[in-house]
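Data block below; observations after.
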Amino acid sequence: MNDVRRRTVLAAAGGAAVAGKAATAHAQAPPAPGAEAARPGREPGPYETRIQALMARMTIDEKLGQLQQLAWTGDTGPGGGQTAAAEKAARRGRLGSVLNIYGARTTNTLQRMAVEESRLGIPLIFGLDVIHGMWTTFPIPLGQAAAFDPAVAEWDAEVSAREARSNGVHWTFSPMMDVTHEPRWGRIAEGDGEDPYLASALAAAKTRGYQGDDLRSRHRLAACAKHMIAYGGVEGGRDYNTVDVSEARLRNTYLPPFLAAVDAGVATVMASFNTVSGVPAHGYRHALTEILTEEWDFDGFVVSDYNGVQEMIVHGYAADRSDAAELAFNAGIDMEMASTTINEYGKRLLRSGRITTARLDDAVARILRLKFRLGLFEHPYADEDTAIAGPTKASRAAAREAAGRTMVLLKNEKSTLPLDRSGSIAVVGPFADSTDLRGSWAGTWAEAFRPVTVLDAVKDAAPKARISHVQGVDAAGRNNRGIARAASAARATDVTVVVVGEAATLSGEASVRSDLSLPGRQERLITAIADTGAPFVVVLLSGRPLTMAGWLDRTPAVLQAWHPGIEGGNAIADVLFGTVNPGGKLPVTFPRTVGQIPVYYNHENTGRPYDRANHYTSKYLDLANGPQFPFGHGLSYTTFDIGEPRLSVSRVRAEALRKGDTVEVAVAVRNTGRRKGDEVVQLYIRDPVASIVQPVRRLSGFRRVGLGAGKSTTVRFRLSAEELGFWTQDPHGRFLIQKGEIQVFAGNSSLAKRGRTLTIV
Numbered sequence: 003m004n005d006v007r008r009r010t011v012l013a014a015a016g017g018a019a020v021a022g023k024a025a026t027a028h029a030q031a032p033p034a035p036g037a038e039a040a041r042p043g044r045e046p047g048p049y050e051t052r053i054q055a056l057m058a059r060m061t062i063d064e065k066l067g068q069l070q071q072l073a074w075t076g077d078t079g080p081g082g083g084q085t086a087a088a089e090k091a092a093r094r095g096r097l098g099s100v101l102n103i104y105g106a107r108t109t110n111t112l113q114r115m116a117v118e119e120s121r122l123g124i125p126l127i128f129g130l131d132v133i134h135g136m137w138t139t140f141p142i143p144l145g146q147a148a149a150f151d152p153a154v155a156e157w158d159a160e161v162s163a164r165e166a167r168s169n170g171v172h173w174t175f176s177p178m179m180d181v182t183h184e185p186r187w188g189r190i191a192e193g194d195g196e197d198p199y200l201a202s203a204l205a206a207a208k209t210r211g212y213q214g215d216d217l218r219s220r221h222r223l224a225a226c227a228k229h230m231i232a233y234g235g236v237e238g239g240r241d242y243n244t245v246d247v248s249e250a251r252l253r254n255t256y257l258p259p260f261l262a263a264v265d266a267g268v269a270t271v272m273a274s275f276n277t278v279s280g281v282p283a284h285g286y287r288h289a290l291t292e293i294l295t296e297e298w299d300f301d302g303f304v305v306s307d308y309n310g311v312q313e314m315i316v317h318g319y320a321a322d323r324s325d326a327a328e329l330a331f332n333a334g335i336d337m338e339m340a341s342t343t344i345n346e347y348g349k350r351l352l353r354s355g356r357i358t359t360a361r362l363d364d365a366v367a368r369i370l371r372l373k374f375r376l377g378l379f380e381h382p383y384a385d386e387d388t389a390i391a392g393p394t395k396a397s398r399a400a401a402r403e404a405a406g407r408t409m410v411l412l413k414n415e416k417s418t419l420p421l422d423r424s425g426s427i428a429v430v431g432p433f434a435d436s437t438d439l440r441g442s443w444a445g446t447w448a449e450a451f452r453p454v455t456v457l458d459a460v461k462d463a464a465p466k467a468r469i470s471h472v473q474g475v476d477a478a479g480r481n482n483r484g485i486a487r488a489a490s491a492a493r494a495t496d497v498t499v500v501v502v503g504e505a506a507t508l509s510g511e512a513s514v515r516s517d518l519s520l521p522g523r524q525e526r527l528i529t530a531i532a533d534t535g536a537p538f539v540v541v542l543l544s545g546r547p548l549t550m551a552g553w554l555d556r557t558p559a560v561l562q563a564w565h566p567g568i569e570g571g572n573a574i575a576d577v578l579f580g581t582v583n584p585g586g587k588l589p590v591t592f593p594r595t596v597g598q599i600p601v602y603y604n605h606e607n608t609g610r611p612y613d614r615a616n617h618y619t620s621k622y623l624d625l626a627n628g629p630q631f632p633f634g635h636g637l638s639y640t641t642f643d644i645g646e647p648r649l650s651v652s653r654v655r656a657e658a659l660r661k662g663d664t665v666e667v668a669v670a671v672r673n674t675g676r677r678k679g680d681e682v683v684q685l686y687i688r689d690p691v692a693s694i695v696q697p698v699r700r701l702s703g704f705r706r707v708g709l710g711a712g713k714s715t716t717v718r719f720r721l722s723a724e725e726l727g728f729w730t731q732d733p734h735g736r737f738l739i740q741k742g743e744i745q746v747f748a749g750n751s752s753l754a755k756r757g758r759t760l761t762i763v
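Under our numbering, the first residue of the sequence shown is numbered 3, with each subsequent residue one higher.
Okay, here's the thing in structure tokens:
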């Protein structure tokens, strides 16, 4: 056995990363008065002299003002906008940031109040929830994860940054990297699914896309890694709910994407609404200070979520608003969003010694550091003449290509897809002619730009075909008077495209569902079409996995399209007619029924894993074993053969891994079909015997490759200590690389069969 107790950030293949050395103490409460309260960061940067000089001129009120973020007229939580208060505070130099504000003219007006009317002229940072596009909406993040291609997340971030920064926005509250096993949770749409390795790769890519190499660029945004920590583990999938998590699960599952973002240079981190093993995340010093800043040397700042500091009172953790301010600030919250407890009670807490001047100066320096990095002291205003006013031809093309790469072909019996462009086609269903394609975090600012509907895109893609349209049922599935007409249309045409799913409002924040089936009578529409015996395909729009037990067996082909964004209709048509060969894979397991949740691929084996021949094994009496569709699943219009993984060595020393040695894994892949297409080669490992029980599979590498018919290539991965070790329950942070056998599998889903054995000696 070998263990690591020193801080080590290991290079991550495919963009993933694990946490470095853990905290030196697992303090649930803030430090005692007079204890060390300032948090160490990295070595001094280029702006430190200017920061210290500016802070020397600041009053306590001005310093506390930098810790405050107020909301503009937009409403993302209880209380609504704080516009008048923001203007007053900006003029007095007692405000650090404003959220929900955009538009070059609007932001410049408020910025002038801060820069030209306040005593010190410190500029404001303007933040906005640019989650998957501003004017140009891309697929939801869960859809982007389905591309298994970090470049897709990077495209979204680059386009978003260009559009938002030109409109006076400096900071986005993205990427969200909450790993989750809960499809009922509405915010699964905003994240990357159930796997920490995939989420880590995408977190790093999106951070790079937003921030680039220079935050002073007029085309870049400061990113925010959220939500720290374990928000995806909320009980029952209910938003804002309780999380009880072990140290090992925290470090092996929830923390890796955050370290990946920190290593990519993410500017800020946001705390989460949930409790973590009895402590609200806004007061969880173990994560916000001991791990984030002391272990990982994070030199950005931590922002609360909307009213999150004040809500510690409701949690039953803080006695009152003063207590909440003390607990949050000493835990590591630097800037408070919407609620004003730190700003209001800071002077009193300083006088009583409950917070220290050193901690205050540390927080202020972190916020000022980002303002300097953004170039706001030199260029505080947006150029109103060059502000981007809407999607461009280039941004739409990027969104269309990105959406095409996110589509997952779940089923395709008898090569029903792709469709013929001639003959007759019926396009039916509640979303056939709907513009509700943008997703839950598109933002009100994007509403002026109409997405391309599936119906319009089909007409454009098949101009010689006879196209008919019947809605059948509405999105809620309540009005079913059109089902008979839809069935008649199916009988009269060569093929029917049934576009069903859930509205964008049914996923996202505060949008939890206890039933994951199609809303209302949408399922009845599908079965009515199936009853006709005519050929049909289902296009499924959703912000989460949906259950399909009532109709899947009768449906020849199913295309999972997520909420695909402004060019979603065109992207769907591209796949339906074969212009784009689908290559996406599921970033999350699809359950058979809601009663099976949580169901995820990287589970533990139990002492009695499922055995059909043995009644006393882990199973459901009334449900087939396994998910409806496994993690990593996705079909193509061509076929691929993925060979056995070939290891550069069959044995490797644990000590060599600790020192940075790696094992190369080569996997041959060949397109055995007649079409050009993409395959995602997926590498999984299993550690069958360990001092802490390990998952039955762990994704440890992936690569999306495009191959022409009959072509082949070899994909190479490297397994390092990071992939081959694991974190223990030690709250001080203990990373182990244990001797023994490691099974290495390669394939096109988490059910990969072909494997080899690596022995660690």
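Just so you know, even glycine gets a beta-carbon here, dropped at the ideal spot from N, CA and C.
Just so it is clear, the structure is predicted and the values come from calculations on it, not from any experiment.
Asked, Found
"Cβ shell of Asp613 (< 7 Å), same chain only, five flanking positions each side left out", "Thr619"
"Buried or exposed (CB count within 10 angstroms, at least 16 for buried), Glu743", "exposed"
"Residue interval of the beta strand (DSSP E) (run including Ser702)", "700 to 709"
"Cβ pair count under 8 Å reaching 3, the region 139 to 159 against the region 586 to 596", "yes"
"Leu701 and Asp680 closer than 9 Å at C-beta", "no"
"Proximity below 9 Å, CB of Ser652 to CB of Thr761", "yes"
"Proximal residues to Glu156 (C-beta, below 8 Å), its chain only, five neighbours per side dropped", "Ala207, Lys208, Arg210, Gly211"
"Three CB pairs or more closer than 8 Å across the region 655 to 666 and the region 721 to 735", "yes"
"C-alpha gap between Gln745 and His617, whole angstroms", "28 Å"
"Ala269 and Ala203 closer than 9 Å at C-beta", "no"
"Range covered by the beta strand (DSSP E) that runs through Lys413", "410 to 414"
"Candidates Ala668, Arg546, Asn414, Leu419: closest to Asp576 by CA position", "Leu419"
"Given Glu380 as reference, the closest of Asp732, Asn750, Arg52, Gln740 once Cα atoms are compared", "Arg52"
"Bounding residues of the alpha helix (DSSP H) (the contiguous stretch that carries Glu657)", "656 to 660"
"Cβ separation of Ile568 and Phe737, assumed to be a contact under 8 Å, to the nearest whole Å", "Going by Cβ atoms, the distance from Ile568 to Phe737 rounds to 43 Å, so no, they are not a contact pair."
"Rounded straight-line distance, which links the Cα of Arg402 to that of Val117", "40 Å"
"Exposed unless 16 or more other CB atoms sit within 10 angstroms - verdict on Pro48", "exposed"
"Span of the beta strand (DSSP E), counted from its first residue to its last, around Tyr686", "679 to 688"
"CB contact flag (Gln598, Leu625, <9 Å)", "yes"
"At least 3 beta-carbon pairs within less than 8 Å: the region 234 to 246 vs the region 216 to 223", "no"
"Beta-bridge partners of Ser470, as assigned by DSSP", "Ala428"
"For Thr70, three-class secondary structure by DSSP", "One detail in the question is off: residue 70 reads as Gln in this sequence, not Thr. If DSSP states are grouped into helix, strand and coil, Gln70 belongs with the strands."
"Contact between the region 338 to 351 and the region 301 to 312 (3+ Cβ pairs under 8 Å)", "yes"
"Counted within 10 angstroms of its Cβ, other Cβ atoms place Leu623 as buried (16 or more) or exposed", "exposed"
"Counted within 10 angstroms of its Cβ, other Cβ atoms place Thr674 as buried (16 or more) or exposed", "exposed"
"Boundaries (first-last residue) of the beta strand (DSSP E) holding Val745", "Note on residue identity: the sequence assigns Gln, not Val, to residue 745. First-last of the beta strand (DSSP E) with Gln745: 742 to 749."
"Residue from Gln473, Leu543, Asn482, Thr498 whose Cα sits closest to the Cα of Ala506", "Leu543"
"Beta-carbon spacing of Pro177, Pro258 below 9 Å", "no"
"Reduced DSSP secondary structure (H/G/I, E/B, other) of Ala19", "Note on Ala19: pLDDT 31, under 50, position unreliable in the model; no value is reported."
"Whole-angstrom distance between Val161 and Gly170, CA atom to CA atom", "15 Å"
"Collapsed DSSP secondary structure at Asn309 in the structure displayed", "coil"
"Rounded distance between the beta-carbons of Leu223 and Ala163, thought under 8 Å", "4 Å"
"Backbone secondary structure at Ser397 - three-state DSSP", "helix"
"Opposing strand residues paired with Asn673 [DSSP bridges]", "Phe642"
"For Met339: DSSP bridge partner residues", "Gln71"
"Whole-angstrom distance between Arg353 and Thr359, CA atom to CA atom", "10 Å"
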